[in-house]
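For the sequence shown, full-length UniProt numbering begins at 1 and goes up steadily by one. Ideal placement from N, C-alpha and C gives every residue a C-beta, glycine not left out. Everything numeric in this text was worked out from a predicted model, so none of it was measured.
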Amino acid sequence: MLAGPRHLVLVHGAWHGPWCWERLVPELERRGWTTSAVDLPSTWGNPGTGMHDDAQAVREHLESIDGPVTVLAHSYGGVPVSEVADTLPNVRQLVYLAAHMLEADEAVTSSLGGPWFPLEAETAPHLPPHEAFYHDVPAEWAAKAVARLRPQSARVFLDEQTRASWRTIPSALIVCDDDRSMPELFTQRALQSADVVRHLPGGHSPFLARPVELADAIDEVTFTLATVAGIRVP
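Written as structure tokens, this is what we have:
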């Protein structure tokens, strides 16, 4: 356990919202974490919203917190987090959960060689959600999650990062070994970028499928990052 108060900021991925953390937050609180969640504006149904609007939402949230924080980003959420985290003095660690770890001057679609949707599209389509996101999630929770998915602005996948905060902030990657949503290209690149790598069984949404195991993994990787960085631990 890290010394002193522990605040974990949760940043959801595309098409999702803060609701996706409902099963995970109680497990984190049982382990001594205080949590808060960012609601990315690109999923509010505004098709003109871009990645930099999401990054500003992350910035404002982090600026509102007094004291050191760890940020956990899921999937696309890794992009706006990487864009702003190292400009804020209270961010001590980053945890990328099945998340993008892009370089500066890269966008999600440029790394793929182009978008999977028409350039004029206002919202981005996703794969069938039960298979892509929730194939190992209990049926009741999977059905609730599908019903709560929101339109996702397509622009966020075209906008380029200008920074790569994982290069300067101690960062961990949690890989989901049966992830049917994250392209293998991104996972393989992230494996070379993170300071600490851990694996979980199952699919893209362990916060719904196995929240106990995910909370344990978050505890373990943040402890390891703190040890590597020389932060005092009990």
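Whole-number beta carbon distance between residue j and residue i, since they are thought to touch under 8 Å
| i | j | result |
| --- | --- | --- |
| PRO115 | ASN90 | At roughly 35 Å, the Cβ-Cβ gap does not stay under 8 Å, so PRO115 and ASN90 are not in contact. |
| SER58 | VAL11 | The displayed chain sequence assigns Val, not Ser, to residue 58. With a Cβ gap of about 6 Å, VAL58 and VAL11 count as contacting. |
| VAL81 | SER205 | Going by Cβ atoms, the distance from VAL81 to SER205 rounds to 18 Å, so no, they are not a contact pair. |
| ALA217 | LEU200 | 6 Å |
| ALA124 | ARG180 | Actually they are not in contact, since the Cβ atoms of ALA124 and ARG180 sit about 17 Å apart, beyond 8 Å. |
| THR43 | TRP15 | 6 Å |
| ASP219 | ARG31 | 5 Å |
Residue closest to residue i, alpha-carbon to alpha-carbon, out of the options
| i | options | result |
| --- | --- | --- |
| ASP53 | ARG210, SER153, VAL212 and THR168 | SER153 |
| LEU112 | VAL38, THR187 and HIS61 | THR187 |
| GLU22 | VAL71, PHE207 and PRO128 | PHE207 |
| ALA194 | PRO201, ARG167, ASP216 and ARG210 | ARG167 |
| GLY77 | ASP178, GLN56, ASP136 and PRO211 | GLN56 |
| ASN46 | ALA121, PHE117, LEU8 and ILE65 | ALA121 |
| VAL196 | LEU127, TYR96, HIS130 and ASP66 | TYR96 |
| PRO66 | TRP44, ASP105, GLU29 and ARG6 | Sequence check: residue 66 is Asp here, not Pro. The candidate whose alpha carbon is nearest that of ASP66 is ARG6. |
| GLU60 | PRO18, ARG155, ASP219 and VAL84 | VAL84 |
| PRO18 | TRP33, THR49 and ALA73 | ALA73 |
| ARG155 | ALA226, VAL108 and GLU213 | VAL108 |
| PRO118 | PRO183, ASP219, LEU158 and TRP44 | LEU158 |
| VAL71 | VAL228, VAL221 and HIS126 | VAL221 |
| GLN161 | CYS20, GLU29, MET51 and GLY13 | MET51 |
| ASP105 | VAL79, LEU62, ARG198 and GLY13 | VAL79 |
| VAL228 | GLY203, THR49 and ARG92 | ARG92 |
N-terminal and C-terminal residue of the beta strand (DSSP E) that residue i is part of
| i | result |
| --- | --- |
| ARG198 | 196 to 200 |
| LEU72 | 69 to 74 |
| LEU127 | Unbroken run through LEU127: none, as it is neither H nor E. |
| ALA104 | Here ALA104 belongs to no beta strand (DSSP E), and DSSP marks it neither H nor E. |
| LEU94 | 91 to 97 |
| LEU88 | Note, LEU88: premise wrong, no beta strand (DSSP E); not H, not E. |
| HIS7 | 7 to 11 |
Start-to-end residues for the alpha helix (DSSP H) that takes in residue i
| i | result |
| --- | --- |
| VAL79 | 78 to 84 |
| ASP66 | Premise fails: ASP66 is in no alpha helix (DSSP H) and is neither H nor E. |
| SER110 | 108 to 112 |
| PHE207 | 206 to 209 |
Measuring CB atoms only, is the stretch 138 to 150 touching the stretch 167 to 175, in the sense that at least three cross pairs come out at less than 8 Å?
no
State whether the stretch 38 to 45 contacts the stretch 99 to 108, with contact taken as three or more CB pairs (one from each stretch) at a distance under 8 Å.
no
Any alpha helix (DSSP H) of 4 or more consecutive residues that is wholly inside the stretch 124 to 183:
129 to 132 and 139 to 148
Can you list, in chain order, the stretches of the alpha helix (DSSP H) that have 4 or more residues and sit fully within the stretch 13 to 49?
24 to 30
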